[in-house]
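Student:
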Amino acid sequence: PGLDIERRNCHGFTALMKAAMQGRFDCVRVIMLAGGDIQAQDYGRRMTPREWALFTGRYETATLIHRLMLRPCAEQFCDSFPLEWPLLEELVSQAQKPKTFWRRLIKLLSCCHYGFYFNNKVNPLTDGVLGHMVQITTGISSPFIAPACRTVCPGSPPCIGKRRPAVQEILRRQRVAELRRLGPDRLNNYKRFFQNSRVLLIPKAKDRRASLQPQLLTDVATASTGALRRASLLPLHMLRRSSVRPGIVVPKVTLCKAPPPSFIPENLKRNSDKNQLQIPKWDYKMKRIERKQEAERQRMFFVTRLR
Numbered sequence: 001p002g003l004d005i006e007r008r009n010c011h012g013f014t015a016l017m018k019a020a021m022q023g024r025f026d027c028v029r030v031i032m033l034a035g036g037d038i039q040a041q042d043y044g045r046r047m048t049p050r051e052w053a054l055f056t057g058r059y060e061t062a063t064l065i066h067r068l069m070l071r072p073c074a075e076q077f078c079d080s081f082p083l084e085w086p087l088l089e090e091l092v093s094q095a096q097k098p099k100t101f102w103r104r105l106i107k108l109l110s111c112c113h114y115g116f117y118f119n120n121k122v123n124p125l126t127d128g129v130l131g132h133m134v135q136i137t138t139g140i141s142s143p144f145i146a147p148a149c150r151t152v153c154p155g156s157p158p159c160i161g162k163r164r165p166a167v168q169e170i171l172r173r174q175r176v177a178e179l180r181r182l183g184p185d186r187l188n189n190y191k192r193f194f195q196n197s198r199v200l201l202i203p204k205a206k207d208r209r210a211s212l213q214p215q216l217l218t219d220v221a222t223a224s225t226g227a228l229r230r231a232s233l234l235p236l237h238m239l240r241r242s243s244v245r246p247g248i249v250v251p252k253v254t255l256c257k258a259p260p261p262s263f264i265p266e267n268l269k270r271n272s273d274k275n276q277l278q279i280p281k282w283d284y285k286m287k288r289i290e291r292k293q294e295a296e297r298q299r300m301f302f303v304t305r306l307r
């Protein structure tokens with residue numbers, strides 16, 4: 001509760017922009033349904049989250065953002081969502097009309113032994129029966145599934161561009177409304193108790209992120225663009241591989257001596273029982289060394305005899 005999803009770093013990147021750059025479409029979906037600004041622009045290139053997704057090659061994330069913008073509201077999570085297909089009544093009325101000659105001819109041909117089939121590929125309809133079936137299946141009042149939990153705010157479904165309060169905030173508002181109906185004294189006592197029990201966590205100076213410090217954003221943006229231009233002339237291995245901003249990284253090399261080995265292999269005694277599996281003992285290396293030593297010994301023997 002109280003999370004600011006529109007908070008920016010020194011480059012003007014919001015959480016939605018960062019998720020779009022990194023291709024985390026799950027985070028993009030959650031932030032957009034929580035009310036994230038899809039038209040926000042950064043301080044440098046002045047691009048929106050969808051433009052950043054296309055710029056960084058995250059085409060699946062860009063497609064997801066486009067689909068969510070086409071259907072911005074999840075109507076099936078509302079208690080007033082109708083279970084009946086809106087186009088059903090119109091299609092039933094069309095089917096009950098008297099059939100023309102061509103319709104009767106098509107029906108007659110379909111009843112014959114030899115049928116005519118046309119394989120026409122059509123795109124799915126915007127409000128077709130399949131889309132309505134998916135909405136009913138995932139709805140809170142679905143007759144096909146029994147949801148294990150209920151939403152605390154069924155009258156306000158999640159929507160793109162609308163801030164979605166946390167569960168604690170919704171419950172707090174409902175509790176305040178109940179106390180307001182009971183009387184003003186109960187409401188004042190509840191507010192006083194809530195203010196006394198509030199805790200504010202302030203991080204230490206060394207734990208704070210430098211990119212989120214309150215600074216002059218215009219000066220920082222100008223300096224960052226200059227650093228980007230200077231760093232773009234460097235080789236790739238000299239650039240910082242960071243998801244926030246590139247920069248020069250000085251490699252830190254630490255030399256240390258390896259400790260003596262503490263592992264001492266255990267000498268396992270071989271069992272004389274041939275029916276039990278044992279670790280094979282490979283002595284081809286020793287035989288190879290022995291052959292080399294024998295060949296060297298013979299060569300030295302012939303050299304000494306020739307002298």
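Going by full-length UniProt numbering, the first residue of the sequence shown is number 1, and it counts up by one from there. Using N, Cα and C, we set each Cβ at its ideal position, and we do this for glycine too.
1. Rounded to whole angstroms, what's the CA-CA distance from LEU68 to THR48? Just pull it up for me.
2. Taking the CB atoms as reference points, tell me whether ILE170 and ILE38 lie closer together than 8 Å.
3. Quick one, which of GLN41, ARG24, VAL30 has its alpha-carbon nearest ASN9's?
4. Check whether the Cβ atoms of THR151 and PHE77 lie closer than 8 Å to each other.
5. Tell me, please, whether the region 4 to 19 touches the region 46 to 61 by the rule of three or more beta-carbon pairs shorter than 8 Å.
6. What is the DSSP secondary structure of VAL244, counted as helix, strand or coil?
7. Nearest to GLU266 by alpha carbon, out of ILE279, TYR284, THR254?
8. If you count every other CB in all the chains shown that lies within 10 Å of the CB of ILE289, and 16 or more means buried, which is it?
9. Quick check: GLY12 and GLY44, are their CB atoms within less than 8 Å of each other?
10. In angstroms with no decimal places, state the Cα-to-Cα distance between THR61 and ASP26.
11. Name the two residues that bound the continuous alpha helix (DSSP H) containing SER292.
12. Please report the straight-line C-alpha distance between LEU70 and SER93, rounded to a whole angstrom.
13. I'd like to know whether the C-beta atoms of ILE136 and ASP79 end up nearer to each other than 8 Å.
14. Let's test the definition: count the other Cβ atoms within 10 Å of the Cβ of HIS66 and tell me whether it reaches 16, buried, or not, exposed.
15. Can you tell me whether CYS27 is helix, strand or coil according to DSSP?
16. In its own chain, which residues sit with a C-beta less than 7 Å from the C-beta of PRO158, not counting the 5 before and 5 after it?
Tutor: So, from the listed chains and residues:
1. Taking the sequence shown and counting its residues from 1, one reaches residue 68 at position 68. Taking the sequence shown and counting its residues from 1, one reaches residue 48 at position 48. Those two C-alpha atoms are separated by around 15 Å.
2. Counting from 1 along the sequence shown, the entry for residue 170 is found at position 170. Counting from 1 along the sequence shown, the entry for residue 38 is found at position 38. No, these two residues do not count as a Cβ contact at 8 Å.
3. Numbered from 1 along the sequence shown, position 9 holds the residue referred to as residue 9. Closest option to ASN9, Cα to Cα, is GLN41.
4. Position 151 of the sequence shown holds residue 151. Position 77 of the sequence shown holds residue 77. Yes, Cβ-Cβ distance for THR151 and PHE77 is below 8 Å.
5. yes
6. Along the sequence shown, one-based indexing puts residue 244 at 244. Note that VAL244 scores 48 on pLDDT, short of 50, meaning its location in the model is unreliable and no value can be drawn from it.
7. One-based indexing of the sequence shown puts residue 266 at position 266. Answer by Cα proximity: ILE279.
8. Working through the sequence shown from its first residue, we reach residue 289 at position 289. That one is exposed.
9. By one-based count along the sequence shown, residue 12 stands at place 12. By one-based count along the sequence shown, residue 44 stands at place 44. Yes.
10. Within the sequence shown, the letter at position 61 stands for residue 61. Within the sequence shown, the letter at position 26 stands for residue 26. Their backbone Cα atoms lie some 9 Å apart in a straight line.
11. Taking the first residue of the sequence shown as 1, we reach residue 292 at position 292. Reading the sequence as shown, one finds Lys at residue 292 and not Ser. Run containing LYS292: 284 to 306, per the alpha helix (DSSP H) assignment.
12. Taking the sequence shown and counting its residues from 1, the one referred to as residue 70 is at position 70. Taking the sequence shown and counting its residues from 1, the one referred to as residue 93 is at position 93. Distance between the alpha carbons of LEU70 and SER93: 30 Å.
13. By one-based count along the sequence shown, residue 136 stands at place 136. By one-based count along the sequence shown, residue 79 stands at place 79. Taking 8 Å as the Cβ cut-off, ILE136 and ASP79 do not qualify as a contacting pair.
14. Translated into the one-based positions of the sequence shown, residue 66 becomes position 66. HIS66 comes out exposed.
15. As a working note, residue 27 is residue 27 in the sequence shown. Helix.
16. Within the sequence shown, numbered from 1, the residue matching residue 158 stands at position 158. LEU33, ALA74, PHE77, ARG164.
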